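S.K.:
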Amino acid sequence: MPGPARPDLEKASLRPSAGKRSAAVFVGRSPAHYYQLAAAKRLEQELTCGLNTMTVLSTRYQQLQDEIEEIVELMEACQTINSL
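At position 73 of the sequence shown the residue is numbered 73 (the UniProt record's numbering), and the sequence of numbers has no breaks.
1. Give the DSSP-derived three-state secondary structure of L37 in the structure shown.
2. Got a sec? Which residues, its chain only, sit under 7 Å from I68 by beta carbon, not counting five neighbours each side?
3. Go ahead and pull the three-state DSSP assignment for M1.
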């Protein structure tokens, strides 16, 4: 059985992090750089989720305020009718 055309490819790693480590040699970025990027991305996702939650809560708060105003108007109308 013939060996690989390039013996250096025989020992290539299939781990995803291996490519990042070897890329660090070419672009000067260490694995820690990628962990920082991952942490920043996670924080961005949490903030986006938080903003979406705040938007939903704000909308619901406005709906409840509108409902309360309607109830107050109905109560005032009932008091007016009762006072006649």
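Glycine is no exception: its CB is placed at the ideal position from the N, C-alpha and C atoms.
Since this is a predicted model, take the numbers as computed values, not measurements.
M.R.: Answer, in terms of the structure:
1. For the purposes of this step, residue 37 is taken as residue 37 along the sequence shown, with counting starting at 1. Helix, per DSSP.
2. Counting from one through the sequence shown, the residue named residue 68 turns up at place 68. Within the same chain, I68 has no close Cβ partners at all.
3. What you label residue 1 is simply residue 1 of the sequence shown in a count that begins at 1. Summary for M1: the model assigns pLDDT 49, below 50, so the residue's position carries little reliability; its value from the coordinates is reported in the next sentence. The answer is coil: DSSP assigns M1 none of H, G, I, E or B.
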